[in-house]
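> Right, I'll just put the structure down here and ask away after.
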Amino acid sequence: MRLPLRTAWTALCRQFAGPPHSADDVVRVTVRLPWSTAAEAPTNACKAAQAEQRGATVHLPKRRGHPAAHAQPAVVASGHTPPTGSHRERVLAMDLEHLKICSATRCQRLRAGGVTTAGDLIVCDPQRVASGFRSPERAERAIRRLRAAVRMAASVERMTPRDAVLLIAIHRRNIRTLACERPAVLHRDLERFSLSSRGSKLVGRRGIPSVRRVKSWVQTCERLTRQRSPADPQLA
């Protein structure tokens, strides 16, 4: 049962009348007082002061139209710098370990060859970098696949190099090919590939992209195909 404000306040004052005799007698009570109009502000302020003197905690709601009522708190993650720049700049600035497209051992060997970021992987000479591996021919083919995946991911919004590796594995190697795909068919092929031994290893625990994400890739590739000329090397 809700009591009127004056009756509830009188009962609260009678309950906490007089100084406490011991530490166990100190009780903190939360009292919410309405503040609907400017005329009630002095009354509520007086009641808040009296309640604080007697050990009570009072929360007064802000008036409508008050600047603090519409202030939005700034969300800042400690120790994390928000990414800036375009999608292509963010992808090319990522370290090889953060791309999650090759093992840690291969990342170390690529780093020894001068490849530390995704941008270095695009401009490097695959034959020269692969010369430091045990099997240079096999390593060169792998580096070319990774370079193609980074190029595709940097050109298509909401696509990561790891997603591009999956698309290249199912023979979708360029933007022009993706522009001619149907999102439902492309997602079905990704599901089938994830059931194979190689696909399950590449997909891992992350899972395949959603249909909505695949659809956004196809739409971006269609727009890029219309904007760019047929002689553009990134389309072929």
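So for the sequence shown, this note's numbering puts the first residue at 24; every next one is plus one. All C-beta atoms, glycine included, are put in the ideal place defined by N, C-alpha and C. For clarity, every value in this text was computed on a predicted model and none was experimentally measured.
(1) Kindly list the residues whose CB is nearer than 6 Å to the CB of Gly222, restricted to its own chain and excluding five residues on each side of it in sequence; keep chain order.
(2) Could you give the residue range of the alpha helix (DSSP H) that holds Ile166?
(3) Val188 and Ala202: beta carbons closer than 7 Å?
(4) Specify, as a first and last residue, the run of the alpha helix (DSSP H) that Lys224 falls within.
(5) Which of helix, strand or coil does DSSP assign to Leu56?
(6) On the DSSP letters alone, give me the boundaries of the alpha helix (DSSP H) that Asp186 sits inside.
(7) Is the segment 234-250 touching the segment 173-181 in the sense that three or more CB pairs, one from each, lie closer than 8 Å?
(8) According to DSSP, what are the bridge partners of Asp118?
(9) Would you kindly work out how many angstroms separate the C-alpha atoms of Thr248 and Arg199, rounded to a whole number?
(10) Could you confirm whether any beta carbon from chain D is found closer than 7 Å to the beta carbon of Glu180?
(11) For Arg111 and Asp118, what's the separation of their Cα atoms in angstroms?
(12) Please state whether the Cβ-Cβ distance between Leu209 and Val237 is less than 7 Å.
(13) Leaving out the 5 sequence neighbours to the left and right, which residues in its chain are closer than 6 Å to Lys123 when beta-carbon positions are compared?
(14) Note down, in chain order, each residue of its chain lying with its Cβ closer than 8 Å to the Cβ of Leu115, except the 5 sequence neighbours on either side.
(15) Can you give me the C-alpha to C-alpha distance between Ile191 and Arg132, rounded to a whole angstrom?
(16) Apply the 10 Å Cβ neighbour rule to Ala135 and answer buried if 16 or more other Cβ atoms are within range, or exposed otherwise.
(17) When you compare only the Cα positions, how much space is there between Gln150 and Gln250?
(18) State the DSSP-derived secondary structure class of Thr124, mapped to helix, strand or coil.
(19) Tell me the rounded alpha-carbon separation between Ser126 and Ser154.
(20) Please determine, among Ser219, Val138, Arg129, Ala207, the residue with the shortest C-alpha to C-alpha distance to Arg157.
Quick look at the numbers:
(1) Numbered from its first residue, the sequence shown carries residue 222 at position 199. Counting only residues of its own chain and dropping the five nearest sequence neighbours on each side, Gly222 has a CB closer than 6 Å to the CB of Phe216.
(2) The count along the sequence shown starts at 1 and reaches residue 166 at position 143. It spans 159-178 - the alpha helix (DSSP H) in which Ile166 sits, taken as one unbroken run.
(3) Locating residue 188 in the sequence shown gives position 165, counting from the first residue. Locating residue 202 in the sequence shown gives position 179, counting from the first residue. No, these two residues do not count as a Cβ contact at 7 Å.
(4) Taking the first residue of the sequence shown as position 1, residue 224 is located at position 201. Segment 220-226, the alpha helix (DSSP H) holding Lys224.
(5) Within the sequence shown, numbered from 1, the residue matching residue 56 stands at position 33. With a pLDDT of 46 at Leu56, under the threshold of 50, the predicted position of this residue should be treated as unreliable, and no value is reported.
(6) Position 163 of the sequence shown, counted from the first residue, corresponds to residue 186. Unbroken alpha helix (DSSP H) run through Asp186: 184-192.
(7) Here the segment 173-181 makes contact with the segment 234-250; the two share three or more CB pairs at distances below 8 Å.
(8) For the purposes of this step, residue 118 is identified with residue 95 of the sequence shown, where counting begins at 1. Per DSSP, Thr140.
(9) One-based indexing of the sequence shown puts residue 248 at position 225. One-based indexing of the sequence shown puts residue 199 at position 176. Thr248 and Arg199: Cα-Cα distance of roughly 6 Å.
(10) Annotation note: the requested chain D is absent from the structure, which comprises a single protein chain.
(11) Residue 111 sits at position 88 when you count from the first residue of the sequence shown. Residue 118 sits at position 95 when you count from the first residue of the sequence shown. Approximately 14 Å between the Cα atoms of the pair.
(12) Position 186 of the sequence shown, counted from the start, is the residue given in the question as residue 209. Position 214 of the sequence shown, counted from the start, is the residue given in the question as residue 237. Against a cut-off of 7 Å, the Cβ pair of Val237 and Leu209 comes out as a contact.
(13) On the sequence shown, residue 123 is found 100 positions in, with the first residue counted as 1. Result list for Lys123: Arg185, in chain order.
(14) In the sequence shown, the residue the question calls residue 115 occupies position 92. Same-chain partners within the cutoff: Thr140, Ala141, Gly142, Ile145, Val173, Ala177.
(15) Walking along the sequence shown from the start, residue 191 turns up at place 168. Walking along the sequence shown from the start, residue 132 turns up at place 109. Whole-angstrom Cα-Cα distance: 23 Å.
(16) Counting from one through the sequence shown, the residue named residue 135 turns up at place 112. Ala135 sits exposed, since fewer than 16 C-beta atoms from the chains shown fall within 10 Å of its C-beta.
(17) Working through the sequence shown from its first residue, we reach residue 150 at position 127. Working through the sequence shown from its first residue, we reach residue 250 at position 227. Each residue's Cα considered, the two are about 33 Å apart.
(18) Within the sequence shown, the letter at position 101 stands for residue 124. A small correction: the amino acid at residue 124 is Ile; Thr does not occupy that position in the sequence shown. The answer is coil: DSSP assigns Ile124 none of H, G, I, E or B.
(19) The residue labelled residue 126 in the question sits at position 103 within the sequence shown. The residue labelled residue 154 in the question sits at position 131 within the sequence shown. Answer to the nearest angstrom: the Cα atoms are 18 Å apart.
(20) For the purposes of this step, residue 157 is taken as the residue at position 134 of the sequence shown. It is Arg129.
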